[in-house]
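Here's the structure we're looking at; comments come further down.
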Amino acid sequence: MNPGELTKKCSMLETIIDNAYEWLVVVDKEGTIDFMNKTYCEFLEVDSSEVIGKHVTDVIENTRMHIVARSGNVEIADLQYIRGNYMIANRVPIYYNKELVGAVGTVIFRDTEQWKQMNTHIKELLSELEYYRSGSARENGANYSLYDIVGVTDSIQSLKEKVKQVASGNVSVLIRGESGTGKELFAHSIHQLSERSNRPFIKVNCGAIPDQLLESELFGYEEGAFTGAKKGGKPGKFELANTGTIFLDEIGDMPPNMQVKLLRVLQDREVERVGGVSSKKVDVRVIAATNRPLEAMVEERRFREDLFYRINVMQLHIPPLRERIQDVKPLAESFVNKISMKAGKRVIGIGEEAFQLLKKHNWPGNARELENALEAAVHLTRSETIEVTSLPDYLKDKAGIVAGNRKLKDILEEAEIEAIRKTLVQCENDKMIAAQILGIGKTSLYDKIKKYNLK
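Under my numbering, think of the first position of the sequence shown as 315, with each following residue one higher.
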């Protein structure tokens, strides 16, 4: 083939690839981009001249191209989350003379409307899958079990054992702990382990329902009981929970007049609807939860003493996260796994520096605050691990003070500079080898050398 024909065929091939149905990227064995077709560049809003030579993780979020280029493992129809959308990606290793030299990746939708439609379809399928997975949970109302309570400390392990003991009876249980400690998880777990597990589990947030509606919500109402009452009336939460369990969350926020009526129901085991003239027997186990100091409220006559004793037959106290800091790591790992699956992102871990920062925070919002912080981090990270840079600013701003007024950011930068400097000396300034040892892309290493003015 003469040079003219070769040039012509190369031009034709380039045109075909650029206008292919699929988005396409090619990387070498280090994960550096050798080629990206025009349609992929347009989607990412980058110029092809800008991406060539950059590490693929610096250009494509949640990519695994560099991993396939190292492992040689084929990945077909992998769900990848890119720029807020689900994509179906294929990644295939490239061999030359039986040697692994890189990888080629494709995303199967080129047209904007096509991938929008597919993204919507995938989300619908995931929602439908979750619907069927949680079918039994919806039927009895309990969504969590003992396996959802994560922790390695003695206090949590002891509580889980106590839950097993408490669950077998029908006595009332009071769960105490600060907001965000996971009181609801324990309530669900007690029901799931009880003989009532295949019966209703009804949750009532006593602090979220307006006082004037709380009675009708708990005990129901008859037709015509008040203006706007539903035809035929409506059963209350206690009727709905009959033969099962009712979970009275934030019971410390219940107004005094309702405390009297609740006490009567617990004593007599029967309810009378608003506007009704007769009572109905109910067989309901009561689990209550609060973050309020009920004993002090009893002393101040803001909570009925007889009701307190009625709900406090068995008690579970969940310690705050700051008192079981060893649980931060397993909790964080569990949250990241759950959040990344829900978001459709591949985030597989948390960097050591980020873990140290999480452990230093005192978590006034407990596990709920930790989950919210990690949810933000999962969506912000552009790699497979959560690093300090992805964590919320308030965590970084409140980082522990070391050696005077030095921030954690400054300490981490110094450590990074020292690591790069030592590695370059070790590799006799071979930046390719240094980048491999440091576990970063060649382009990232060059950027850091320039940023820190390293010679």
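Here a beta-carbon is modelled for each residue, glycine too, at the ideal position from N, C-alpha and C. These figures come from a predicted structure and were not determined experimentally.
Query: Nonlocal neighbours in the same chain, by C-beta distance under 6 angstroms from Phe617, ignoring five residues either side; Result: Leu608, Met611
Query: Length of the line joining the Cα atoms of Leu580 and Ala657; Result: 43 angstroms
Query: 7 angstroms CB neighbourhood of Asp425 in its chain, flanking five on each side removed; Result: Unreliable placement is indicated for Asp425, whose pLDDT of 49 sits below 50; the coordinate value is still reported in the next sentence. Closer than 7 angstroms at the Cβ level, and outside the excluded window around Asp425, lies no residue.
Query: Backbone secondary structure at Ala451 - three-state DSSP; Result: Legend: pLDDT at Ala451 = 49, less than 50; position of this residue unreliable, value from coordinates given subsequently. Helix, per DSSP.
Query: Beta strand (DSSP E) runs contained entirely in the stretch 562–649, provided each spans 3 or more residues; Result: 599–604, 628–631
Query: Buried or exposed by the 16-neighbour rule on C-beta atoms within 10 Å, applied to His631; Result: exposed
Query: Candidates Glu375, Cys355, Asn376: closest to Ile366 by CA position; Result: Cys355
Query: Contact belief for Lys594 with Glu584 at Cβ below 8 angstroms, rounded distance in angstroms; Result: 6 angstroms
Query: Gly483 versus Tyr461, Glu509, Gln394, residue with shortest Cα-Cα distance; Result: Glu509
Query: Coil, strand or helix - Ile754 by DSSP; Result: coil
Query: Under 9 angstroms between C-beta atoms of Ala391 and Asp342; Result: no
Query: Cβ distance (whole Å) where Ala481 is taken to contact Leu507 below 8 angstroms; Result: 4 angstroms
Query: Val418 beta carbon less than 9 angstroms from that of Ile402; Result: no
Query: Contacting residues, own chain, Cβ-Cβ under 6 angstroms from Ser530 (five flanking each side not counted); Result: Val588
Query: Cβ pair Gly558, Asn680 closer than 9 angstroms; Result: no
Query: Beta-carbon gap between Gly455 and Phe515 smaller than 9 angstroms; Result: yes
Query: Under the three-state DSSP convention, the category Ala481 falls into; Result: helix
Query: C-alpha gap between Val477 and Ile463, whole angstroms; Result: 11 angstroms
Query: CA-to-CA distance, Arg624 to Met655, given in whole angstroms; Result: 42 angstroms
Query: For Lys343, the three-state DSSP class (helix, strand or coil); Result: coil
Query: Buried versus exposed, by CB contacts within 10 Å (16 or more), Glu732; Result: exposed
Query: DSSP state of Val370 mapped onto helix, strand, coil; Result: helix
Query: Three-way DSSP call (helix, strand, coil) for Val421 in this model; Result: strand
Query: Whole-angstrom distance between Ser486 and Leu694, CA atom to CA atom; Result: 43 angstroms
Query: Own chain partners of Arg660 with C-beta closer than 8 angstroms, once the 5 adjacent residues on each side are dropped; Result: Asn376, Arg378, Gln394, Tyr395, Ser654, Glu698
Query: Beta-carbon gap between Gly534 and Gly547 smaller than 9 angstroms; Result: yes
Query: Backbone secondary structure at Arg378 - three-state DSSP; Result: coil
Query: Those residues which DSSP pairs with Asp392 across a bridge; Result: Ala403
Query: Three-state secondary structure (DSSP) of Thr737; Result: helix
Query: For Leu768 and Ile734, believed in contact at Cβ under 8 angstroms, the rounded distance; Result: 6 angstroms
Query: Exposure label - Lys764; buried when at least 16 CB within 10 Å; Result: exposed
Query: Buried versus exposed, by CB contacts within 10 Å (16 or more), Leu338; Result: buried
Query: Neighbourhood of Gly665 by C-beta, 6 angstroms cutoff - its chain only, sequence neighbours within 5 removed; Result: Thr699, Glu701
Query: Reduced DSSP category for Thr353 - H, G, I as helix; E, B as strand; rest coil; Result: helix
Query: Segment limits, alpha helix (DSSP H) that includes Leu694; Result: 680–694
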